[in-house]
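A quick write-up on the structure given underneath.
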Amino acid sequence: MTTTPSEVDFHFDPMCPFAYHTSRWIREVRAHTGLTVNWRFFSLEEVNRFEGKKHPWERPWSYGWSQMRVAALLRRRDPALLDAWYARAGRELHLDGGKPHDPETARRLLAEIGADPASLDEALADPATHDDVRADHQRVLDAGGFGVPTLFFPDGQCLFGPVLVDPPTGEAAVRLWELVTGMLAFPHVYELQRPKTERDEHAIAGALAPYLRGRDWVSVDKGQIIDFRTGEETTS
């Protein structure tokens with residue numbers, strides 16, 4: 000029998016609605032079990048970058064990458080600041096439909112969690128924050144990962160998911176945690192996926208409505224531009 004882990008590394012991109020909703024669930028698990036959650040990064044901008052486009056670290060400001068550079072600086076100072084930042088920035092985009100990727104909004108959110116708004120400028124002036132984000136991103140790639148949420152466990156195993164938009168709370172959150180970590184006892188079980196009906200697609204689109212209002216980018220998956228409003232995919 001595999002013991003339920005007491006610690007997890009949670010890789011996220013602040014732009015990803017699915018990672019954010021899964022993070023709400025993992026926070027609920029933490030509240031009920033004392034689980035230690037270590038927040039780590041992954042760049043959807045980079046993994047879904049179209050050929051010929053600049054890498055996110057080559058741009059003066061990149062929606063997700065630059066936010067994670069600020070988060071990396073906060074993590075160095077105090078992991079609790081990163082924890083508070085992801086909760087606040089995630090809520091701004093994925094629940095309130097705001098724009099945490101706008102630098103002025105980002106400064107306001109830093110102030111709201113008790114951090115210095117100038118941390119944004121300090122992070123962008125520090126090239127080592129690129130290295131911090133890139134190292135976390137590469138860790139996922141080296142493990143064969145491709146997106147977020149990706150969870151790493153103390154025994155070295157990693158899992159993608161769970162992907163959800165209505166995070167369970169209370170005992171239900173703990174039951175899901177036990178189901179997810181139960182996979183660790185079966186390292187050669189690679190996929191378990193629920194097909195999505197049209198009704199599911201509409202439910203997902205409804206849950207992602209704030210994110211769709213707040214984003215200033217298109218969503219891309221494996222070279223396909225995803226239109227969450229219709230569920231359609233188009234080849235770029």
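Residue 109 in numbering that gives the first Met the number 0 is what sits at position 110 of the sequence shown, and the numbering runs on without skipping anything. Glycine included, C-beta positions come from ideal geometry on N, C-alpha and C. Since the model is a prediction, treat every value here as computed from it, not as a measurement.
- Arginine 68 is classed as buried because its beta carbon has at least 16 other beta carbons within 10 Å across all chains shown.
- If you ignore the 5 residues before and after histidine 54, its C-beta comes within less than 7 Å of the C-beta of Glu45, Arg48, all in its own chain and listed in chain order.
- With a 10 Å radius around the Cβ and a threshold of 16 neighbouring Cβ atoms, threonine 196 comes out exposed.
- Boundaries of the alpha helix (DSSP H) around arginine 138: 127-141.
- Taking each of Trp64, Gly89, Thr128 in turn and checking the Cα distance to arginine 76, the smallest one comes out for Thr128.
- Note on tryptophan 38: 16 or more other CB atoms within 10 angstroms of its CB, so buried under the neighbour-count rule.
- For aspartate 220, the enclosing beta strand (DSSP E) has its first and last residue at 218-220.
- Lysine 98 has its alpha-carbon roughly 8 Å from the corresponding atom of alanine 105.
- The beta carbon of valine 188 is closer than 7 Å to those of Met182 in its chain, skipping five residues each way along the sequence.
- Taking C-beta separations shorter than 6 Å and ignoring five residues to either side along the sequence, the partners of glycine 89 in its chain run Tyr19, following chain order.
- Less than 9 Å separates the beta-carbon of tyrosine 210 from that of leucine 92.
- Between proline 16 and alanine 206, the C-beta gap is smaller than 9 Å, which places the two residues in contact.
- The beta-bridge partner set that DSSP reports for threonine 149 consists of His10, Phe159.
- A residue is called buried once 16 or more other Cβ atoms fall within 10 Å of its Cβ, and glutamine 137, having fewer, is exposed.
- Here tryptophan 60 carries a coil assignment [DSSP, helix/strand/coil].
- Relative to the Cα of leucine 191, the nearest Cα in the group Val217, Ala184, Pro161 belongs to Pro161.
- The C-beta separation of leucine 178 from alanine 114 comes to about 36 Å, leaving the pair out of contact by the 8 Å criterion.
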